[in-house]
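Visitor: Let me begin by handing over the structure; questions about it come next.
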Amino acid sequence: MTTRDNWRKSSYSDGGDGNDCVEVAASPTHVAVRDTKAPARAVLTVPAGAFAAFVNGVKGYSTVTDFARLRG
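Next up, the structure:
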């Protein structure tokens, strides 16, 4: 699931070198997430349904500050 060809960056990645983001690799049952700046470090793997719920929950929030307001 986490071969080099599977990892994708967000289309909203920061300009320049594009390393201010996370990458995801998906399978039918799980989604793996890693830090683009440190791809050899830990990978978070979650069930695909949980990741989809997370993405739906944060839609419309474009910054970390927006997300922090969501959390309270």
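Mapping of the sequence shown onto the working numbering: residues 6 to 77, in sequence order. Glycine included, every Cβ here is placed at the ideal spot set by N, Cα and C. Note that the structure is a prediction, hence the values are computed from the model and not measured.
How would you label Arg39, buried or exposed, when you count the other beta carbons within 10 angstroms and need 16 or more for buried?
Guide: Arg39 should be labelled buried.
Visitor: Does the beta-carbon of Ala58 have 16 or more other beta-carbons within 10 angstroms, so that it is buried, or is it exposed?
Guide: Counting Cβ neighbours within 10 Å, Ala58 comes out exposed, since fewer than 16 surround it.
Visitor: With the cut-off set at 8 Å, would you say Thr41 and Val27 are in Cβ contact?
Guide: Cβ atoms of Thr41 and Val27: closer than 8 Å.
Visitor: By the 10 Å Cβ neighbour count, where 16 or more other Cβ atoms means buried, how is Ala43 classified, buried or exposed?
Guide: When all chains shown are included, Ala43 counts as exposed.
Visitor: Who are the Cβ neighbours of Thr50 in its own chain at under 6 Å, not counting the five residues just before and after it?
Guide: Taken in chain order, the residues that qualify are His35, Ala37.
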